[in-house]
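Everything below concerns the one structure shown next.
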Amino acid sequence: MENYIGIGTYAKEWIMTAGKRLKSSFEENLNIETKANANDLVTNMDKEIEQFFLDRITETFPTHRIFGEEGMGKRVTDLKGVVWIIDPIDGTMNFVHQQRNFAISIGIYEDGIGKIGLIYDVVHNELYHAFKGKGAYLNDIKLPKLTKVPISEMILSLNATWLMENKRIDHQILTPLVKDVRGTRSYGSAAIEMAYVACGRLDAYMTMRLAPWDFAAGSILIEEVGGEITTMSGNPLDYINGSSLFVSKPGLHQEILESYFHNSWPAVNY
Ligand code: 2AM
Ligand code: CA
Ligand code: CA
Ligand code: CA
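Under the numbering used here, the first residue of the sequence shown is numbered 279, with each subsequent residue one higher.
Right, dumping it as structure tokens:
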């Protein structure tokens, strides 16, 4: 059993240092490249920040493994031992275009169990943290347990992509729900959207495709405040291959899965 207080102290210190570096990079020219398609951006800062964590972690905790978006660590195909699941910049498009609403996301897992979740919204200087069984915090203020809201008062976060024809779902399934909720929002950073559900700014967030580093930290926060977290079809998340994601305040999951998705979600790819 690892000393999670000690690990968390290092992780917090490193995430703050990395955040300062990201802020200082606003003064510099970014090197922007594309990955899978023209809108899938990656910058020199995504890589630099992941490398920063890789260096600190291997120096301080040589037995720990790193599973990061930019692939700086060794390939990870299981979650045995201690694994740091890292997204150096979640919301790279926001980082490039808006210089806000991006976060550093770190989930620390031991044998597949989430122990520490950290999400740092750099520009708002909001650090969310959770230790398994010890609650979730926003800048050291404990977040209260979430309580149910009616669907008619819900603020739902989702990307407009999923309401248009797309290859992942029958997009029309979402229309009745979008009509019934109070409002929709979209922030473009899955980590921030999960943190917002954890602190009550949003009531639910759904998306059809995420990678493990997008939700590894957020799911620990959500569990600690009593929220619900599954794939869009109500199944457990896949922390190796990624999955769809549906997080909400308690009580909403069952109602939405039954009344809006009719307990069938055949077209979600994963
Ligand atoms: P990123 O900025 O780290 O790439 C935007 O709606 C959210 O989806 C962000 O959290 C973004 O993370 C993530 N995202 C972007 N492209 C993705 C992809 N191909 N697969 C999974 N998640 C992605
Ligand atoms: Ca990316
Ligand atoms: Ca991400
Ligand atoms: Ca990223």
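For every residue, glycine included, the Cβ atom is placed at its ideal position computed from N, Cα and C.
By DSSP, does residue i sit in helix, in strand, or in coil?
i	result
Y548	Because the pLDDT of Y548 is 47, which lies under 50, any placement of that residue in the model is unreliable, and the number read from its coordinates should be weighed accordingly. DSSP places Y548 in coil when its eight states are reduced to three.
F345	strand
M294	helix
Y517	coil
H531	helix
F524	strand
Y406	strand
G392	strand
D399	strand
K426	coil
M510	coil
D368	strand
G461	strand
K325	helix
L488	strand
L434	strand
L319	strand
F373	helix
G505	coil
L357	coil
E305	helix
I283	helix
Would the C-beta of residue i count as close to ligand 1, meaning under 7 Å from any of its heavy atoms?
i	result
R487	yes
M371	yes
D492	yes
N417	no
A314	yes
N553	Residue 553 lies beyond the range of the chain shown here (279 to 548); nothing can be said about it.
Taking the alpha carbon of residue i as the reference point, which residue from the options has its own alpha carbon closest?
i	options	result
S497	R299, S511, D448, V475	V475
G478	E326, V503, N307	V503
Q376	G411, R353, K301	K301
I391	G346, F373, G413, L357	L357
A473	S526, L499, I419	L499
N372	V361, V400, G385	V400
T425	L441, G505, I419, I384	G505
T370	K298, D389, H531, A469	A469
G297	G520, D365, I283	D365
N322	R299, E536, T336	R299
G349	I433, I363, D418, K412	I363
G529	I429, A494, Y282	I429
W491	G385, N541, T355	G385
G551	T341, L332, F345	Absent from the structure is residue 551, since the part of the chain shown begins at 279 and ends at 548.
K457	V320, V354, F304, Y538	Y538
R334	I285, E306, E305, D516	I285
Using a Cβ-Cβ cut-off of 8 Å (strictly less than) and excluding sequence neighbours within five positions of residue i, which residues of its own chain qualify?
i	result
E291	none
P514	T508
Less than 7 Å separating the Cβ of residue i from some heavy atom of ligand 2?
i	result
E326	no
V360	no
N320	Here residue 320 is Val; the residue named in the question, Asn, does not match the sequence. Yes, Cβ of V320 sits closer than 7 Å to a heavy atom of ligand 2.
Return the bridge partner residues of residue i from the DSSP annotation.
i	result
W362	I344, I386
G351	Answer is none; G351 lacks a bridge partner.
T338	None; T338 has no bridge partner.
I419	L416
T312	L319
Y483	S435, V525
A381	D368, D399
So does residue i have its beta carbon nearer than 7 Å to some heavy atom of ligand 4?
i	result
E347	yes
D365	yes
D399	no
If I measure Cβ to Cβ from residue i and keep anything under 7 Å in the same chain, skipping five residues before and after, which residues do I get?
i	result
E431	R460
May I ask whether a heavy atom of ligand 3 can be found less than 7 Å away from the beta carbon of residue i?
i	result
A495	no
A468	yes
D516	no
D244	Look at the range of the chain in this structure, 279 to 548, and you will see that residue 244 is not part of it.
Cutting at 6 Å between CB atoms, please list the residues of its own chain near residue i, excluding the five before and the five after it.
i	result
F380	I367, G369, N372, F373, S467
N437	S464
R378	V401
A408	G395, A414, I498, L499, E502
Please check if any C-beta of chain D sits within less than 8 Å of the C-beta of residue i.
i	result
K313	This model lacks chain D altogether; it includes just one protein chain.
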